[in-house]
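Residue numbers (the working numbering): 277 to 686.
All C-beta atoms, glycine included, are put in the ideal place defined by N, C-alpha and C.
Right, one structure below, let's go through it.
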Ligand SMILES: [Zn+2]
């Protein structure tokens, strides 16, 4: 089976009416990992796993060196697509096959890793497997996490939808020499510019806020306009201030994607609004600047509209610049395969964020048709899927051949 057929086959596992449902350590997600392990064994590669649920597939190298790694994830969001994550894992396996078919073995072992629980769709933390592997999240912290349904991570891994059967479990995998992740873009930028290969410059940092606006509920007919403390009108001002903060900074986005109005009745002046703000940029200083602008807006709006505005930081992740050395290597490879190859930032988070904290890391993107992702209609043209695999194999070999690359600092 080629990459297109394998991805189509994998897409059957966890298929729903609207897309694919493969949350970590559910029967569907387990079956996807089993399928990946079976294909890898049939292709002649060694398969191992760690107790965080990560699956490691290895092509042996000629020398005793740390591996050069690629990978991504097999879990999905609810009603997700067939390519987000799965492309980097199955495409990585395909790249391993291309490299193994060559006359000469690589110097380094080459690994493809299926990282566990990237989406955070069952346990409350994203990029969980790669975060444990990189030492960012201690294993004990991950093991104690509890899913929406009450099962702990450690129990779920030990249960029937956890570890793979007949695959050794180790927890002493050494860090790789370098990490290259293949992924779909999940946005419309490459398609619009005609690029078939993308060289990722940085993965955006992300900060999330929870805001509670408290005004005064009242009769929509009897409270004069001048005497109102309308929480929703204040929220409207804040939504526009958030949009303005995003527009004011290059390579940055700011979104209010969730808003709950109380009591949400046609004939009542809204008394309270809860909303969530998501701010991202490739530059942490711009995230700070957007936060500053949003905080100032809450104070201004609160005073002008006589409402109380409480803002709380829910989550903060730093931007992850990709390794300049690896970017240059990948740039050479991608430009040779696609005259329209482009450099771009990733607004979405990826396992490469975690790997970038310990080893030189980089990413290769292929375009998403209409920019659609995290939906069942997520697509990439088959020729682009194949070109991305070719680029990944060439990039892994280029890293393998140049010893200076695998000893460079992050
Ligand atoms: Zn992904």
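Is there at least one non-hydrogen atom of ligand 1 closer than 7 Å to the beta-carbon of residue i?
i: residue 626; result: yes
i: residue 349; result: yes
i: residue 367; result: no
i: residue 357; result: no
i: residue 394; result: yes
i: residue 361; result: yes
i: residue 459; result: yes
Can you list, in chain order, the residues of its chain whose CB lies under 7 Å from that of residue i, leaving out five sequence neighbours each side?
i: residue 609; result: 667, 670, 671 and 674
i: residue 589; result: 483 and 485
i: residue 526; result: none
i: residue 410; result: 630, 631, 633 and 634
i: residue 547; result: 491, 492, 493, 507, 538 and 539
i: residue 505; result: 491, 492, 581, 582 and 583
With DSSP collapsed to three states, give me the class of residue i.
i: residue 431; result: helix
i: residue 367; result: helix
i: residue 455; result: strand
i: residue 406; result: helix
i: residue 374; result: helix
i: residue 641; result: strand
i: residue 503; result: helix
i: residue 462; result: coil
i: residue 446; result: coil
i: residue 341; result: coil
i: residue 323; result: strand
i: residue 421; result: coil
i: residue 590; result: strand
i: residue 413; result: coil
i: residue 438; result: coil
i: residue 396; result: coil
i: residue 379; result: coil
i: residue 471; result: coil
i: residue 310; result: helix
i: residue 566; result: helix
i: residue 302; result: coil
i: residue 426; result: coil
i: residue 575; result: helix
i: residue 524; result: coil
i: residue 684; result: Any reading at residue 684 is ruled out, since the residue's pLDDT is 44, under 50, leaving its predicted position unreliable.
i: residue 253; result: The structure shown has nothing for residue 253, since the chain only spans 277 to 686.
i: residue 660; result: helix
i: residue 351; result: coil
i: residue 518; result: helix
i: residue 401; result: coil
i: residue 678; result: coil
What residues match up with residue i in a beta bridge as DSSP calls it?
i: residue 346; result: 388 and 456
i: residue 556; result: 482 and 529
i: residue 649; result: For residue 649, which the question treats as bridged, DSSP gives no partner whatsoever.
i: residue 584; result: 490
i: residue 283; result: Answer is none; residue 283 lacks a bridge partner.
i: residue 291; result: 296
i: residue 551; result: 487 and 535
i: residue 332; result: 324 and 389
i: residue 544; result: 495
i: residue 361; result: Beta-bridge pairing links residue 361 to no other residue.
i: residue 476; result: 620
i: residue 356; result: 296
Using a Cβ-Cβ cutoff of less than 8 Å, which residues in the same chain neighbour residue i once the five nearest sequence positions on both sides are dropped?
i: residue 544; result: 493, 494, 495 and 496
i: residue 402; result: 393, 394, 395, 396 and 625
i: residue 686; result: The predicted position of residue 686 is uncertain, since its pLDDT is 39 and thus under 50; no value can be drawn from it.
i: residue 571; result: 587
CB-CB under 6 Å to residue i, same chain, minus the five flanking residues each way: which ones, in chain order?
i: residue 342; result: 450, 452 and 453
i: residue 421; result: 399 and 429
i: residue 550; result: 488 and 536
i: residue 585; result: 489, 574 and 578
i: residue 333; result: 316, 321, 323 and 388
i: residue 467; result: 643
i: residue 288; result: none
i: residue 517; result: 573
i: residue 677; result: none
Could you tell me which uninterrupted beta strand (DSSP E) segments, each at least 3 residues in length, are contained entirely in the segment 592-645, listed from first to last along the chain?
618-622 and 637-642
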